[in-house]
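Participant:
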Amino acid sequence: MRNRRIIILICAAALVALIVAPALALSGKSYGEALTGSDTVEIGELLANPDQYMGKTVRVEGVVTGVCEKRGCWMSLGSKDEDFQEIRIKVDDGVIVFPMEAMGKTAIAEGMLAKVEMTLEQTVAYKQHHAEEHGEEFDPASVTEPLVYYQIKGTGAVIR
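Residue numbers (mature numbering (1 follows the signal peptide of the UniProt record, and there is no 0)): -25 to -1, 1 to 135.
(1) According to the neighbour-count rule (16 or more other Cβ atoms, all chains shown, within 10 Å of its Cβ), is A116 buried or exposed?
(2) So, does the stretch 121 to 134 touch the stretch 89 to 102, judging by three or more C-beta pairs under 8 Å?
(3) Who are the near neighbours of A(-3) in its chain, counting only those whose CB is closer than 8 Å to its CB and skipping five residues on each side?
(4) Rounded to whole angstroms, what's the CA-CA distance from C77 to I64? Just pull it up for me.
(5) Going by Cα to Cα distance, which pick from V35, A9, Q27 is closest to I18?
(6) Check for me: the alpha helix (DSSP H) holding I18 runs from which residue to which?
(7) Under 7 Å, do I134 and G53 count as touching if we go by C-beta distance?
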């Protein structure tokens, strides 16, 4: 009788652990919509094979390496592997605001992968703006090709 109770308690504890573990893995401060539970894609995999994920909801995890200082409308996530790569999570201004305190923390973000293709003029303006924000010098003649990059149109994130 006593052994039976112990077995029941062990099974109950295991069941609780199975239910609670996924929730604990996503614990942290949430921003935007709740994460859907899709599988996490490595940032390197996403950038190596973007066509496979284009227009689909993806989930990535990484270290926050940058946050928009003006409106909190984007954050950059860096991969945790030796081939360090970054991807930007862009959200609508004011809908989600990522805090500067997120820098260096781990974040999980979801959204739709999109390809951004700029004209040469847009690339010059973008790089000029970046240089001004960071107090760097910039020569517009140094831009010889339009910028093309991938970003995630973020719908939700958890920062911990």
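Glycine residues also receive a C-beta, built at the ideal position from the N, C-alpha and C atoms.
As the structure is a prediction and not an experimental result, all values here were calculated from the model.
Facilitator: Reading off the structure:
(1) exposed
(2) yes
(3) Because A(-3) sits at a pLDDT of 45, beneath the cut-off of 50, its placement in the model cannot be relied upon, and the following sentence gives the value as read from the coordinates. Closer than 8 Å at Cβ, skipping near neighbours: no residue.
(4) Note on identity: in this sequence residue 77 is Ala, with Cys being the wrong assignment. Cα-Cα distance, rounded: 13 Å.
(5) V35
(6) 18 to 23
(7) no
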